[in-house]
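Note sheet for the following structure.
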Amino acid sequence: MNARLHLDIPLNGELVTAKGEVTLRNNSLFIKPLDSTLKNLSGKFSFINGDLQSEPLTASWFNQPLNVDFSTKEGAKAYQVAVNLNGNWQPAKTGVLPEAVNEALSGSVAWDGKVGIDLPYHAGATYNVEMNGDLNNVSSHLPSPLAKPAGEPLAVNVKVDGNLNSFELTGQAGADNHFNSRWLLGQKLTLDRAIWAADSKTLPPLPEQSGVELNMPPMNGAEWLALFQKGAAESVGGAASFPQHITLRTPMLSLGNQQWNNLSIVSQPTANGTLVEAQGREINATLAMRNNAPWLANIKYLYYNPSVAKTRGDSTPSSPFPTTERINFRGWPDAQIRCTECWFWGQKFGRIDSDITISGDTLTLTNGLIDTGFSRLTADGEWVNNPENERTSLKGKLRGQKIDAAAEFFGVTTPIRQSSFNVDYDLHWRKAPWQPDEATLNGIIHTQLGKGEITEINTGHAGQLLRLLSVDALMRKLRFDFRDTFGEGFYFDSIRSTAWIKDGVMHTDDTLVDGLEADIAMKGSVNLVRRDLNMEAVVAPEISATVGVAAAFAVNPIVGAAVFAASKVLGPLWSKVSILRYHISGPLDDPQINEVLRQPRKEKAQ
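Counted from 1, the sequence shown has number 380 at position 359 by my numbering; the numbering is strictly sequential.
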């Protein structure tokens with residue numbers, strides 16, 4: 022830098038006049054309120070006492086070329102500064118945006134600005150800034166509503182009015198997007214409050230409390246999450262401080278393969294973390310993101326019906342997660358979920374509770390509960406999400422007072438009516454929880470049904486449970502062979518069964534139907550992989566002490582004793598037979614039933 026100074030010092034007592042010019046060559050100018058520096062400042066300005074007038078100056082600001090000129094004037098009440106700026110900047114090269122955002126931007130924006138500063142002689146300062154530009158040449162591949170092709174005009178206007186303590190920054194992007202904000206000047210530039218209003222014609226008022234309000238058009242939440250996962254928010258907050266109270270409103274958010282309508286999300290700090298509230302047509306919930314404690318999700322209402330496109334022709338259940346990539350538990354918090362009314366895939370499930378803990382690649386479930394009001398399912402288990410040794414294990418109980426009401430709640434008609442049910446299960450397999458793999462399925466199931474009736478059985482979803490052991494086919498054969506005895510319904514006092522599963526093959530040797538017309542005892546196996554079975558069934562219309570139990574029930578002594586004990590109280594129902602034995606084999610959907618024994622009823626001596 023060099024300068025020339027000319028002093029005019031009158032000897033008659035008049036004021037001294039100082040004038041001259043200053044030449045700048047690659048100088049730096051630090052702008053303290055913005056914590057930013059103009060580099061390579063070059064050019065000339067002249068002065069007469071306090072009035073300065075520059076020629077066009079050049080500089081580098083935010084790694085971009087800048088043209089600037091300024092003038093000052095000693096006014097009656099204040100020292101006044103006027104600055105004109107213009108440039109043609111590439112947003113992706115300013116160095117202030119996250120790298121993930123830079124990668125989505127290309128092109129340049131031509132802009133110009135005017136700055137006016139008043140420095141009163143007594144104290145204080147005020148300033149105003151107005152900047153205008155057009156993003157016509159900018160191409161943005163950011164998620165909507167920030168996506169934009171090159172060649173599409175988008176005028177931007179920004180205004181600033183402030184003093185030494187704060188300033189208000191307002192403006193608009195295009196005709197329908199307006200923003201309003203207040204910033205505080207202290208040790209660090211701080212955003213006190215702000216609002217962005219899409220689809221608006223006027224400037225929105227500032228929020229009543231500190232925070233940020235975003236009133237956005239429809240958004241693709243998955244695209245925004247992907248952008249954040251690339252680090253789009255990592256450098257935000259370096260040069261400025263932002264409020265933690267954030268409100269997002271949108272008519273539609275696409276996330277998790279579902280559209281969430283009329284959605285409002287509010288995030289605010291608490292003494293022990295952050296509280297997020299979500300309200301919309303499909304959700305009413307809060308999430309307490311607690312420090313050093315499991316996160317707590319209190320869900321009053323949730324309707325989740327994802328539209329997952331089928332890419333395969335098989336019937337493998339789709340993952341509940343929106344990605345097809347392997348799930349990674351890294352960064353997952355422990356969580357407690359309490360849902361009062363939950364709907365999934367269009368089906369109401371009622372109350373759902375669960376406690377989830379994460380340890381490495383293992384997710385552990387405790388206190389799992391699904392209570393529909395007609396049935397109650399409890400579950401504990403774990404999912405080892407190791408690609409070399411993936412494993413799922415679940416155990417719990419299933420209870421209910423009426424099995425038909427519990428099934429009809431899910432839209433399924435069952436042939437078993439008016440029967441209570443009590444099921445204990447302990448199962449594990451070597452795939453994800455939503456992909457029970459028959460070939461690696463192992464475990465045990467205890468089932469007990471109370472008094473009820475087996476009604477007409479069809480070939481639809483209704484008889485799936487009975488078809489598993491071919492009880493439905495057996496009942497149809499009995500009705501055909503003994504139509505005079507069997508009506509449309511088969512009444513029973515109880516059904517009991519223990520089944521154990523080894524590598525996809527289910528075995529049972531104590532399945533017992535304690536019926537009024539007859540008792541049915543079954544043993545054998547069902548191959549869940551090949552979907553075929555090999556069962557033996559014994560039907561006892563009436564048994565007395567004179568019948569050779571061991572001979573009649575050589576299928577299994579334990580079953581024989583159970584059938585005998587249960588049948589002692591039955592009166593004579595059939596007049597012609599006392600023992601029927603069947604062999605059931607073949608595919609589950611079309612089993613073959615062969616009668617291997619029909620023992621006639623012995624008449625009592627007169």
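Virtual Cβ for every residue (Gly too), placed ideally from N, Cα, C. Note that the structure is a prediction, hence the values are computed from the model and not measured.
Near residue i, which residues of its chain fall below 7 Å by C-beta distance, leaving aside the five closest residues on each side in sequence?
i: Leu296; result: Gln289, Thr307 and Ala309
i: Pro608; result: Arg552 and Asp553
i: Gly232; result: Arg214, Pro264, His266, Ile267 and Thr268
i: Lys523; result: Asn463
i: Asp611; result: none
i: Asn236; result: Trp217, Ala218, Ala219 and Arg270
i: Leu276; result: Gly242 and Ala243
i: Asp392; result: Gly371 and Arg372
i: Arg25; result: Gly41 and Glu42
i: Ala176; result: Asp155 and Gly195
i: Asp72; result: Thr93, Lys94 and Glu95
So, helix, strand or coil for residue i, using DSSP?
i: Ala243; result: helix
i: Thr529; result: strand
i: Thr435; result: coil
i: Lys452; result: coil
i: Glu151; result: strand
i: Ala460; result: helix
i: Gln265; result: coil
i: Phe513; result: strand
i: Lys472; result: coil
i: Lys60; result: strand
i: Phe350; result: coil
i: Lys544; result: strand
i: Leu248; result: helix
i: Lys209; result: coil
i: Lys53; result: helix
i: Ile304; result: strand
i: Pro228; result: coil
i: Arg619; result: strand
i: Tyr603; result: strand
i: Val534; result: strand
Looking only at C-alpha atoms, which of the options sits nearest to residue i?
i: Phe66; options: Thr58, Ser92, Asp56 and Trp82; result: Ser92
i: Leu360; options: Tyr324, Asp155 and Arg351; result: According to the sequence provided, residue 360 is Cys. The question's Leu does not apply to it. Taking only the C-alpha atoms, the option nearest Cys360 is Tyr324.
i: Val534; options: Leu549, Asp139 and Ile475; result: Ile475
i: Thr115; options: Trp82, Ile138 and Gly134; result: Trp82
i: Trp281; options: Gly301, Phe513 and Ala131; result: Gly301
i: Gly195; options: Ser160, Asp155 and Lys180; result: Asp155
i: Glu42; options: Ser75, Leu386 and Pro31; result: Ser75
i: Leu537; options: Val547, Lys544 and Val560; result: Val560
i: Leu87; options: Pro454, Thr58 and Gln279; result: Thr58
i: Ser221; options: Ala460, Arg372 and His199; result: His199
i: Asn407; options: Val37, Arg619, Lys452 and Trp353; result: Lys452
i: Leu448; options: Gln456, Gln422, Leu415 and Ser262; result: Leu415
i: Thr378; options: Asp90, Leu317 and Ala80; result: Leu317
i: Ala121; options: Phe249, Tyr512, Asn107 and Ser396; result: Phe249
i: Gln368; options: Ser161, Asn107 and Phe431; result: Phe431
If you count every other CB in all the chains shown that lies within 10 Å of the CB of residue i, and 16 or more means buried, which is it?
i: His143; result: exposed
i: Glu234; result: buried
i: Asp112; result: Note on identity: in this sequence residue 112 is Pro, with Asp being the wrong assignment. So Pro112 ends up on the buried side.
i: Ile30; result: exposed
i: Ile52; result: exposed
i: Gly34; result: exposed
i: Thr532; result: buried
i: Gln357; result: buried
i: Trp455; result: exposed
For residue i, collect the residues of the same chain with a Cβ closer than 6 Å to its Cβ; drop the 5 residues on either side in sequence, then sort them by chain order.
i: Ala647; result: Nothing in the structure corresponds to residue 647, since the chain is present only between 22 and 627.
i: Tyr603; result: Ala558, Ile614 and Glu616
i: Leu45; result: Met22, Leu62, Ser63 and Gly64
i: Asn189; result: Residue 189 is actually Glu in this sequence, not Asn. Once the five neighbours on either side are set aside, the close Cβ partners of Glu189 are Asp182 and Arg203.
i: Asn178; result: Asn153, Gly192 and Gln193
i: Leu28; result: Ala39
By Cβ distance below 8 Å, which residues in the same chain neighbour residue i in space, the five residues on each side in sequence not counted?
i: Gly381; result: Phe350
i: Tyr148; result: Val136, Gly137, Ile138, Asp139, Val181, Asp182, Gly183, Asn184 and Phe188
i: Ser165; result: Pro238, Pro239, Met240, Asn241 and Glu244
Please report whether the beta-carbon of residue i lies at a distance below 7 Å from any beta-carbon of chain B.
i: Thr147; result: In summary, chain B is missing from the structure at hand, where a single protein chain is found.
Could you check if residue i belongs to the surroundings of the ligand FMN, using beta carbon to heavy atom distance under 6 Å?
i: Tyr322; result: The model on display carries no ligand, and the ligand FMN is accordingly not part of it.
For this session: Output the residue ranges of the beta strand (DSSP E) runs that lie fully inside the region 359–429 and measure 3 residues or longer, sorted by chain position.
Result: Listed in chain order, the complete beta strand (DSSP E) runs (minimum 3 residues) inside the region 359–429 are 368–380, 383–392, 397–405 and 412–421.
For this session: Write down every uninterrupted run of the alpha helix (DSSP H) in the region 85–140 whose length is 4 residues or greater and which is fully enclosed by it, in chain order.
Result: Within the region 85–140, the complete alpha helix (DSSP H) runs of at least 4 residues fall at 120–123.
For this session: Taking only runs that begin and end inside the region 157–224, name each unbroken beta strand (DSSP E) of 3 or more residues, in chain order.
Result: Whole beta strand (DSSP E) segments, 3+ residues: 176–184, 187–194, 198–205 and 210–218.
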